Structure formats: C-alpha cells, structure tokens
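Report on the following structure.
In mature numbering (1 follows the signal peptide of the UniProt record, and there is no 0), the protein residues as written are -19 to -1, 1 to 247.
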C-alpha cells in the first residue's frame, strides 16, 4: 500500500492547483522496547515498511521508546482545502461523492468558511463498504418527487400572514424535518435561502419557490450508478425560460432522497 497524493485542476482553471488528496493515516501505536517498523507492520494487513517510514518522522533505526507512530491505513481519503475551493467542486472530483456525503463525513464543516490548508474527509471506506452491502430498493421517481413537493408546499402554506412558520422554531429543526426526503446539503441550502430565524421563531423569506418536477409532463431518467439517478425535464415557461431542470435522486442507505436540483439553459 502506498500513501497516495494527487493534484487536481478545476475544469475552468488556468493551470491553478485545485487541491491535494491524501490517503489518511488514522491509527497510532506506542513504541515499546525492541519495536521496529518491520515488526509493527506485520500486525497490519497491507501495511509496508516504506509506508511506515513515509508516515512518520523517525528514522528506521532510531525509533524512540514510547513515541507515538502512525500506522497508514486506507480507511479514509482526505482533501486539503485550497483557495477558492467549494464543497460542490470538491465533490465533483470524486466518483460517487456528493456534497451531502461531505456534510455527513465532516459534521462541523461550514461550507461558507472553508479553512485553507485544512483537511476534510471525502471518502470513508469503512462506511462505504457497509453501505454497499445494503440492498437498494427500486426507485419510484413520482413517489419521491411528490413527497418532497407536497411536504415543502405544506410548510410554505402553513405560514401566517406575517410569514411565521408554526411548530418549527429554527433552521436546524427545519433541516431535521425535511431530511427524510432531502439530502443534508440540499436541506441546509433550503433552510438558508428560504427562511429567516429570529428570537420569535422561523419566518419565510418571500421569493419564488423551488421548481419541482412536473409529474404530469414527460421526463427522462439517466442512471448514474446503482444508487444515483438524474431526472431531466425540459421546461419552457415565462419565469424559467427554456431550460432543462435536473433532479439528482440518491439512495442514502435508508431512502431515496432528492440530493440536488440544477438547471441548464437550452
């Protein structure tokens, strides 16, 4: 096993280095008398002596007793934040990784304030292996989209004349409420863009709502992989203009959910 590092370039960049990817080292051991890198490596599957040397600052023949040394594993892959990075750009670099995955793997992350030089987890193989063992249920596009549309519409319709939402006091409560059918990233975007939280409660920000799938009109489904599809519908209205609406649906291990909504002008 070699510790991997890869440089990435943004699609619209001008040779600017986008970031670095590292297989993270997530285990440590305390050196005991007589320990060597070779001896320690024998206790771990697929860990080589050169991996141990690369992951630690100590010379092979002068490892201090009681020193903490790192055991490089392939449990996680991390991304080093570079200037201008966004979660959506980072997620786009990795096959099968969504913004929602990044939120789940990095629960304390603030997408509007990514610290340059810090590392975020982009893949957790232990979790991925567990997820891949799940049986993915058949997707019913209409059912998923109707649940999302009807629930969101009911939230807006419940607002008072002063735009106050009853029974939901904060953006976090709102995120928790819609998480059964929306990804974490989409839920947070929805809460931040359509609601204002005050000491008195949660208020709707008056603006055009989300453009949901018109289930009575034609659409096409493009399978990305076993757990993700894109539902594409051509729309041509005065408000939207002529464009494709693109709804990404993803199986999160429990339910099929709406991951993102995007559009492209035609």
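Backbone N, C-alpha and C fix where the C-beta goes; we use that ideal spot for every residue, glycine too.
None of the values given here were measured: they were computed from a predicted structure.
> Which residues in the same chain have their Cβ closer than 6 angstroms to the Cβ of residue 256, if we skip the five residues on either side of it in sequence?
Replying inline: With the chain covering -19 to 247 only, the question about residue 256 has no answer from this structure.
>> If I follow the unbroken alpha helix (DSSP H) through residue 175, where does it start and stop?
In response: 165 to 175
> Cβ atoms of residue 247 and residue 223: under 9 angstroms apart, would you say?
Replying inline: Contact flag set, yes.
>> Once the 5 residues before and after residue 162 are set aside, which same chain residues still bring their CB inside 6 angstroms of it?
In response: 128, 129, 238
> In the DSSP assignment, what residue or residues form a beta bridge with residue 223?
Replying inline: 217
>> Give me the DSSP bridge partner(s) of residue 95.
In response: In the DSSP output, where bridge partners are listed per residue, residue 95 has none listed.
> Between 34, 18, 180, 197, which lies nearest to residue 124 when the distance is taken from Cα to Cα?
Replying inline: 197
> Whose C-beta lies closer than 7 angstroms to the C-beta of residue 12 among residues of the same chain, with five residues either side of it excluded?
Replying inline: 44, 45, 46, 47, 48, 50
> With a CB to CB cut of under 6 angstroms and the five nearest residues on each side skipped, what residues in its chain are close to residue 175?
Replying inline: 186
>> Measuring straight from C-alpha to C-alpha, what distance separates residue 98 and residue 149?
In response: 37 angstroms
> The beta strand (DSSP E) spanning residue 184 covers which residue range?
Replying inline: 182 to 185
> Where does residue 183 land, buried or exposed, given buried means 16+ other C-beta within 10 angstroms?
Replying inline: buried
>> Between residue 62 and residue 101, how many whole angstroms is the CB-CB distance? I'm expecting something under 8 angstroms.
In response: 7 angstroms
>> Could you compute how far the alpha carbon of residue 17 sits from the alpha carbon of residue 9?
In response: CA-CA distance, residue 17 to residue 9, rounds to 14 angstroms.
>> Starting from residue 240, trace the beta strand (DSSP E) in both directions and tell me its first and last residue.
In response: Residue 240: member of the beta strand (DSSP E) spanning 237 to 246, first to last residue.
> How would you label residue 231, buried or exposed, when you count the other beta carbons within 10 angstroms and need 16 or more for buried?
Replying inline: Looking at its Cβ environment, which holds 16 or more other Cβ atoms inside 10 Å, residue 231 is buried.
> Should residue 234 be labelled buried (16 or more other beta-carbon atoms within 10 Å of its own) or exposed?
Replying inline: exposed
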